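Before any comments, here is the structure.
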Amino acid sequence: ATAQFTKIDKDTQALPISSEDWEQRARAILPDGPFDYICGGSGAEETLAANRTAFQRWAIVPRMLRDVSDRTLSITLFGQQLDTPILLAPIGMQGIAHPEGELATARAAAAYNVPFIASTVSTYSLEQIAETMGDAPRWFQLYWSNDREVSASMVRRAEAAGYGAIVLTVDTIMLGWKRRDFRNGYSPLKEGKGLANYINDPVFCSRLPVVNEEAAVQEILRNIYHPALSWEDIGFLRQQTRLPILFKGILHPEDAKLAVEHGVDGLIVSNHGGRQLDGAISSLDALPSVAEAVGGRIPLLLDSGIRTGADIIKALALGANAVLIGRPFLYGLAVAGEKGVARVIDTLISELDVSLALSGSKSVSDLNRGILTRL
Ligand code: FNR
Numbered sequence: 009a010t011a012q013f014t015k016i017d018k019d020t021q022a023l024p025i026s027s028e029d030w031e032q033r034a035r036a037i038l039p040d041g042p043f044d045y046i047c048g049g050s051g052a053e054e055t056l057a058a059n060r061t062a063f064q065r066w067a068i069v070p071r072m073l074r075d076v077s078d079r080t081l082s083i084t085l086f087g088q089q090l091d092t093p094i095l096l097a098p099i100g101m102q103g104i105a106h107p108e109g110e111l112a113t114a115r116a117a118a119a120y121n122v123p124f125i126a127s128t129v130s131t132y133s134l135e136q137i138a139e140t141m142g143d144a145p146r147w148f149q150l151y152w153s154n155d156r157e158v159s160a161s162m163v164r165r166a167e168a169a170g171y172g173a174i175v176l177t178v179d180t181i182m183l184g185w186k187r188r189d190f191r192n193g194y195s196p197l198k199e200g201k202g203l204a205n206y207i208n209d210p211v212f213c214s215r216l217p218v219v220n221e222e223a224a225v226q227e228i229l230r231n232i233y234h235p236a237l238s239w240e241d242i243g244f245l246r247q248q249t250r251l252p253i254l255f256k257g258i259l260h261p262e263d264a265k266l267a268v269e270h271g272v273d274g275l276i277v278s279n280h281g282g283r284q285l286d287g288a289i290s291s292l293d294a295l296p297s298v299a300e301a302v303g304g305r306i307p308l309l310l311d312s313g314i315r316t317g318a319d320i321i322k323a324l325a326l327g328a329n330a331v332l333i334g335r336p337f338l339y340g341l342a343v344a345g346e347k348g349v350a351r352v353i354d355t356l357i358s359e360l361d362v363s364l365a366l367s368g369s370k371s372v373s374d375l376n377r378g379i380l381t382r383l
C-alpha cells in the first residue's frame, strides 16, 4: 500500500492530522446530542478510558539495521488480499454526523480499498451503500433481531448486494447505560436516523400495521435488542448464508474457544469502544489470552481505542490480524464528509507505514510480541 498523503490537495492539507484534533473540530460543529452520543462511553466511562491507557502500557522496542526499504502492509483475510490491516468499524446512524452519512464514508473507504462494515442501523440502506461502492470490499454488521426472520432477510439482502462477510455483534443484547444521552435526552434511533435497512426490508415491513416512520421506530425498538441470544442461535444464522461469519464483542478466552467450536469464522475482540459494559476489560488487554485460546485457527481482529500507527503495531504484535477504527473516521465525516474520512484513513496508513519501518519490520504479518515490552 502506498498512502497518498503526499499527493493531497491544499484543502485537504488544512484538515486535522491527529485524532484529538479531529475530535475537537467535530465538537465545535456538532450539537451536544450527536457529539456526546459519538464520543461517549457507558457508565463512568472507565472502559472507554482503559481502551487508551492499555496501549500506553506496552512499548515497542524497535530493531535496527534490518533493511526495511521494501515493505508491505498487505494481509490476507478469508482468502482475500487487503492492502492494509485496517477496516472501518460498523457505526450506525452516520447521518447524525453528516447528511451524506454512510455513502460518503463508503466512498472514502472504497478509494483506499479499506473494507467498509455497514451497520444494521445505518442511515442509508445496505443496497444504497453497495451501489456507491462498486466492487470495493464491504461487510455487513448484524444486530440479531428478536424476530429471526428479519435477521435472515437482512443477511440474504447483504449477500445479494455483494457484502463479503457477516459481523454479528454479540455485545449489544441490550443498550449500554449512557449517562450523556440521558442528560441530553438524545436517541438517534428515535429520531429516525437508523431506519433504512428496516423500512427497505420486506419481512420487517410485513410485521408493521402501517408502513410509516413512527411505526417503524416502535417496531425496531421492540425488535433490536435480544437478550435471549445464545449459542443455539448460531446454527440458524449459519444456515442463512455461505459468507464468513465473525463475532464482534468477544473478550473472554472461553467464549473465543466456544466460537471456534461452533464454526465461527473470525472474531473481533472489542468492547464496543467502551459503550456497552462499563468496567469491562480493555480490548488490548483481552487480546493476548483470546489469541492464545484461538491459537491461529481463525482470524482475530481488534477494535476499541486504535488511534495511531503505533497502536496498530501493538495490536498486531499481540496477536491481531487486523484492526478496526471507529470514532476517528466519524469525526472526519462530521468535519469534512468524504474528504475527511479519506484524510483519516490516509494519515493512519501513512503513519502505520512509517511506524512499521522504524520498528524494523518489513511486513505487518511478521509482527510479534518480540518487539514489545510491558511497562
Ligand atoms: C458504534 N459501534 C457500533 N458497533 C456495531 O457493531 N454496530 C453499530 O451500529 C455501532 N454503532 C456505533 C455508533 C457509534 C457512534 C460509535 C462510536 C460506535 C462500535 C464500533 O463498531 C466500534 O466497536 C468502536 O467504535 C471501536 O472503538 P473506537 O475506535 O471508537 O475507540
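Residue numbers (full-length UniProt numbering): 9 to 383.
Glycine included, each C-beta is placed from N, C-alpha and C at the ideal position.
Note that the structure is a prediction, hence the values are computed from the model and not measured.
Enumerate in chain order the residues of its own chain whose CB-to-CB distance from residue i is below 7 Å, with the five nearest sequence positions on each side excluded.
{"i": "residue 20", "result": "347 and 351"}
{"i": "residue 160", "result": "248"}
{"i": "residue 103", "result": "109, 131 and 201"}
{"i": "residue 10", "result": "Only weak support exists for where residue 10 lies, its pLDDT of 49 falling under 50; the coordinates are left without a value."}
{"i": "residue 223", "result": "216 and 217"}
May I have the straight-line CA-CA distance separating residue i from residue j, to the nearest angstrom?
{"i": "residue 358", "j": "residue 85", "result": "21 Å"}
{"i": "residue 202", "j": "residue 51", "result": "23 Å"}
{"i": "residue 215", "j": "residue 69", "result": "57 Å"}
{"i": "residue 284", "j": "residue 238", "result": "18 Å"}
{"i": "residue 273", "j": "residue 307", "result": "7 Å"}
{"i": "residue 57", "j": "residue 218", "result": "44 Å"}
{"i": "residue 228", "j": "residue 130", "result": "13 Å"}
{"i": "residue 320", "j": "residue 314", "result": "7 Å"}
{"i": "residue 309", "j": "residue 331", "result": "5 Å"}
{"i": "residue 136", "j": "residue 207", "result": "13 Å"}
{"i": "residue 362", "j": "residue 107", "result": "34 Å"}
{"i": "residue 353", "j": "residue 311", "result": "15 Å"}
{"i": "residue 113", "j": "residue 349", "result": "6 Å"}
{"i": "residue 165", "j": "residue 74", "result": "48 Å"}
{"i": "residue 66", "j": "residue 154", "result": "41 Å"}
{"i": "residue 121", "j": "residue 278", "result": "23 Å"}
{"i": "residue 204", "j": "residue 240", "result": "29 Å"}
{"i": "residue 242", "j": "residue 156", "result": "11 Å"}
{"i": "residue 45", "j": "residue 196", "result": "8 Å"}
{"i": "residue 24", "j": "residue 324", "result": "26 Å"}
{"i": "residue 151", "j": "residue 246", "result": "15 Å"}
{"i": "residue 138", "j": "residue 373", "result": "29 Å"}
Under 6 Å Cβ to Cβ from residue i, same chain only, skipping five residues before and after it: list those, please.
{"i": "residue 297", "result": "261"}
{"i": "residue 190", "result": "none"}
{"i": "residue 255", "result": "176, 178, 267, 272 and 275"}
{"i": "residue 62", "result": "290, 292 and 293"}
{"i": "residue 158", "result": "211 and 212"}
{"i": "residue 111", "result": "132 and 140"}
{"i": "residue 282", "result": "49, 55, 56 and 59"}
List the whole-angstrom C-beta distance separating residue i from residue j, where the pair is believed to meet the contact cut-off of C-beta under 8 Å.
{"i": "residue 31", "j": "residue 47", "result": "7 Å"}
{"i": "residue 221", "j": "residue 200", "result": "5 Å"}
{"i": "residue 329", "j": "residue 93", "result": "7 Å"}
{"i": "residue 109", "j": "residue 127", "result": "With 8 Å as the limit, residue 109 and residue 127 do not qualify as a contact, their Cβ atoms being about 10 Å apart."}
{"i": "residue 379", "j": "residue 71", "result": "7 Å"}
{"i": "residue 339", "j": "residue 34", "result": "4 Å"}
{"i": "residue 180", "j": "residue 280", "result": "7 Å"}
Which stretch, first to last residue, makes up the alpha helix (DSSP H) that contains residue i?
{"i": "residue 274", "result": "Unbroken run through residue 274 is the beta strand (DSSP E), 274 to 277; no alpha helix (DSSP H)."}
{"i": "residue 104", "result": "Neither: residue 104 is in no alpha helix (DSSP H) and is coded neither H nor E."}
{"i": "residue 268", "result": "261 to 269"}
{"i": "residue 211", "result": "210 to 214"}
{"i": "residue 109", "result": "109 to 119"}
{"i": "residue 295", "result": "291 to 302"}
{"i": "residue 347", "result": "335 to 367"}
{"i": "residue 382", "result": "Residue 382 -> not in any alpha helix (DSSP H); beta strand (DSSP E) instead, spanning 380 to 382."}
{"i": "residue 431", "result": "One cannot answer for residue 431 here, as it falls past the ends of the chain, which runs 9 to 383."}
{"i": "residue 55", "result": "54 to 64"}
Can you list, in chain order, the residues of its chain whose CB lies under 8 Å from that of residue i, leaving out five sequence neighbours each side?
{"i": "residue 365", "result": "76 and 79"}
{"i": "residue 299", "result": "308, 326, 327 and 328"}
{"i": "residue 7", "result": "The first residue shown for the chain is 9 and the last is 383, placing residue 7 beyond what the model contains."}
{"i": "residue 356", "result": "94, 316, 317, 320, 333 and 336"}
Could you pull the start and end residues of the beta strand (DSSP E) that residue i belongs to?
{"i": "residue 147", "result": "146 to 150"}
{"i": "residue 124", "result": "124 to 126"}
{"i": "residue 244", "result": "No beta strand (DSSP E) contains residue 244, which is instead part of the alpha helix (DSSP H) from 241 to 248."}
{"i": "residue 255", "result": "253 to 258"}
Handout entry: the region 130 to 149 contacting the region 164 to 179, beta-carbon criterion three pairs below 8 Å
Key = With the cut-off at 8 Å, the region 130 to 149 and the region 164 to 179 touch.
Exercise for the section: Would you check if there are 3 or more beta carbon pairs closer than 8 Å linking the region 117 to 129 to the region 145 to 155? Expected result: These segments touch.
Exercise for the section: Could you tell me whether the region 173 to 180 touches the region 36 to 46, where touching means 3 or more Cβ pairs closer than 8 Å? Expected result: Flag = no, the region 173 to 180 and the region 36 to 46 do not touch.
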